[in-house]
Amino acid sequence: MHLGPHAAFIVTAYAVAIAIVAGLVAWIVLDQRHLARMLEQFEARGITRRSDRADGEKW
Amino acid sequence: MSLIEFANPSRFLAASGRALPWLSAATALAFALGIFQIYFAPDDYQQGATVKIMFIHVPAAWLGLFGWLLMSAAALGTLVWRHPLADVAGKAAAPIGAAFTLMCLVTGSLWGRPMWGTYWVWDARLTSVLVLFLMYLGVIALWRTIEDPTQAARAAAVLTVVGAINIPIIKFSVDWWNTLHQPASVLRLGGSTIHPAILVPLIVMAIAFTLLFLSLHLAAMRNEIMRRRVRSMMMLRAGAPAGS
Numbered sequence: 451m452h453l454g455p456h457a458a459f460i461v462t463a464y465a466v467a468i469a470i471v472a473g474l475v476a477w478i479v480l481d482q483r484h485l486a487r488m489l490e491q492f493e494a495r496g497i498t499r500r501s502d503r504a505d506g507e508k509w
Numbered sequence: 008m009s010l011i012e013f014a015n016p017s018r019f020l021a022a023s024g025r026a027l028p029w030l031s032a033a034t035a036l037a038f039a040l041g042i043f044q045i046y047f048a049p050d051d052y053q054q055g056a057t058v059k060i061m062f063i064h065v066p067a068a069w070l071g072l073f074g075w076l077l078m079s080a081a082a083l084g085t086l087v088w089r090h091p092l093a094d095v096a097g098k099a100a101a102p103i104g105a106a107f108t109l110m111c112l113v114t115g116s117l118w119g120r121p122m123w124g125t126y127w128v129w130d131a132r133l134t135s136v137l138v139l140f141l142m143y144l145g146v147i148a149l150w151r152t153i154e155d156p157t158q159a160a161r162a163a164a165v166l167t168v169v170g171a172i173n174i175p176i177i178k179f180s181v182d183w184w185n186t187l188h189q190p191a192s193v194l195r196l197g198g199s200t201i202h203p204a205i206l207v208p209l210i211v212m213a214i215a216f217t218l219l220f221l222s223l224h225l226a227a228m229r230n231e232i233m234r235r236r237v238r239s240m241m242m243l244r245a246g247a248p249a250g251s
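Protein sequences appear in the order of chains A and B. 451 is the number of the first residue of the first sequence in this note's numbering; add one for each residue after it. 8 is the number of the first residue of the second sequence in this note's numbering; add one for each residue after it.
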């Protein structure tokens with residue numbers, strides 16, 4: 451594939467798009483791991499949500 | 008199961024957990040097909056190979072707008088029905104919409120330099136998209152400023168609904184004002200003006216970007232529900248008797 455005289459602009463545009471998507475995916479995955487770890491720690495200490503108990507809670 | 012039953016956070020987590028792998032696989036498949044088509048797409052007779060930037064710039068622009076429309080729908084859910092899952096949907100969409108709008112601005116700028124001779128002009132389309140990006144940052148900042156999620160959701164919902172006025176301005180800016188940015192060439196009343204050899208990869212990439220947005224949004228919503236559960240537990244812990 452020949453990108454012509456403006457190849458640097460095309461390659462940079464695709465690199466930026468990949469970097470932004472990779473950043474979003476990394477943020478979501480790392481956030482999910484962090485939150486899952488925190489929930490596990492709370493449950494290990496015996497702290498449970500109200501929805502797991504009789505009086506109920508929306509979250 | 009009715010929609011209102013599905014709007015229960017626990018049911019949403021279960022259903023989205025089942026849907027997410029399929030949605031992610033469909034996203035990967037759509038991108039593979041789109042990139043394959045981009046590779047073989049011909050150069051434009053005027054733009055040359057720089058037309059390939061359009062395959063990411065145009066879908067990113069559409070998804071930037073879609074993100075705000077999604078947030079506006081969620082904002083109505085927050086303001087009218089006060090449903091907490093609507094708050095979650097609005098909050099989760101903001102950073103994703105901001106990222107796609109940033110992608111639109113940067114790739115557009117990189118296309119503009121070789122085609123227009125400049126990275127940036129203050130014309131109506133470019134400026135209104137920049138305003139959209141700044142509004143996304145404003146909503147994100149608002150969510151981070153107000154500690155109580157319910158209060159933050161209402162404030163963000165009001166800002167979102169007010170900011171929705173910018174969406175038709177972006178769409179019709181090229182018709183209402185004399186802009187350097189070209190008028191609509193895909194979504195227009197008289198039909199697309201683009202040759203199918205370029206239009207088909209563009210549509211495939213738009214589908215891939217939409218699936219990516221939906222996958223990321225679903226995953227971010229799941230995270231936000233977990234964040235609220237963590238917050239509930241922290242508050243329970245704070246309210247527990249000393250030594251517990």
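Positions of the beta carbon are idealized from the N, C-alpha and C atoms, including for glycine. Model, not experiment: these values are computed from the prediction.
Please compile the residues from chain A whose C-beta is within a distance smaller than 8 Å of the C-beta of residue 237 of chain B. 485, 488, 489 and 492
State the CB to CB distance for the pair residue 215 of chain B and residue 38 of chain B, rounded to an integer number of angstroms; the pair is presumed to be in contact (CB under 8 Å). 4 Å
Near-chain B residues of the stretch 461–480 of chain A - C-beta to any C-beta below 9 Å: Considering only beta carbons, the part of the stretch 461–480 of chain A lying closer than 9 Å to chain B consists of 462, 463, 464, 466, 467, 470, 471, 473, 474, 475, 477, 478 and 479, in chain order.
In chain order, what residues of the same chain lie with their CB nearer than 7 Å to the CB of residue 221 of chain B, ignoring the 5 residues before and after it? 30
What does a CB cutoff of less than 7 Å around residue 173 of chain B pick up in its chain, not counting 5 residues either side in sequence? 135, 138, 139 and 142
Partners in chain A for residue 56 of chain B, counting only beta-carbon separations shorter than 9 Å: 451, 452, 453, 454, 455, 456, 457 and 460
Spell out whether any CB of chain A is found under 8 Å from the CB atom of residue 233 of chain B. yes
Is residue 51 of chain B helix, strand or coil when you go by DSSP? strand
Leaving out five residues before and five after residue 452 of chain A in sequence, what residues of the same chain have Cβ atoms less than 8 Å from its Cβ? none
Straight-line CA distance for residue 249 of chain B to residue 92 of chain B? Summary for residue 249 of chain B: the model assigns pLDDT 41, below 50, so the residue's position carries little reliability; its value from the coordinates is reported in the next sentence. When rounded, the distance between both Cα atoms is 33 Å.
Can you tell which of B:168, B:200 and B:103 has the C-alpha that lies nearest to the C-alpha of residue 191 of chain B? That would be B:200, whose Cα lies nearest to the Cα of residue 191 of chain B.
Return helix, strand or coil for residue 464 of chain A, following the three-state DSSP convention. helix
Chain A within 8 Å of residue 204 of chain B, Cβ atoms only: no
Taking C-beta to C-beta, are residue 103 of chain B and residue 474 of chain A nearer than 8 Å? yes
Helix, strand or coil for residue 20 of chain B? Go by DSSP, reduced to three states. helix
Just checking, does the stretch 118–137 of chain B make contact with the stretch 145–152 of chain B on the three C-beta pairs under 8 Å criterion? no
Can you find a C-beta in chain A that's less than 8 Å from the C-beta of residue 228 of chain B? Not one chain A Cβ lies under 8 Å of residue 228 of chain B.
Can you tell me whether residue 129 of chain B is helix, strand or coil according to DSSP? In this structure, residue 129 of chain B counts as coil in the three-state DSSP scheme.
Between which two residues does the alpha helix (DSSP H) containing residue 182 of chain B stretch? 173–183
Where the alpha helix (DSSP H) containing residue 205 of chain B begins and where it ends: 203–246
Touching or not, the stretch 58–76 of chain B and the stretch 228–246 of chain B, by the rule of three or more beta carbon pairs under 8 Å? no
How many angstroms separate the CA atom of residue 94 of chain B from the CA atom of residue 462 of chain A? 36 Å
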